[in-house]
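Residue numbers (this note's numbering): 1238 to 1299. All residues carry an ideal CB built from backbone N, CA and C; glycine is no exception. Here the structure is laid out as structure tokens; the discussion comes afterwards.
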């Protein structure tokens, strides 16, 4: 199922920042925003090595 794979990929990206055993009750809004920013600015093969942030910007400046 594709949804399950997608969820696992997102979990993996989040786990890069918050390792196993991390107490998620300690995450601040700033921590969360930093992780979201890192993920959104990560180049991806599926986007021809552009980030989702770049694509969003390019699409919305038209």
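Q | Simplified DSSP state of residue 1252, which is helix, strand or coil | A | If you number the chain shown from 1, residue 1252 lands on position 15. Helix at residue 1252.
Q) Is the beta carbon of residue 1288 sitting closer than 8 Å to the one on residue 1274? A) Start at 1 with the first residue of the chain shown, and residue 1288 comes out as number 51. Start at 1 with the first residue of the chain shown, and residue 1274 comes out as number 37. No, the Cβ-Cβ distance between residue 1288 and residue 1274 is not below 8 Å.
Q. From which residue to which residue does the alpha helix (DSSP H) around residue 1292 run?
A. Taking the chain shown and counting its residues from 1, the one referred to as residue 1292 is at position 55. From DSSP, the alpha helix (DSSP H) with residue 1292 extends over 1289-1297.
(Q) With distance defined between alpha-carbon atoms, name the residue in 1297, 1258, 1293 and 1298 nearest to residue 1280. (A) Sequence index remark: in the chain shown, residue 1280 carries index 43 (1-based). The residue from 1297, 1258, 1293 and 1298 with its alpha-carbon nearest to that of residue 1280 is 1293.
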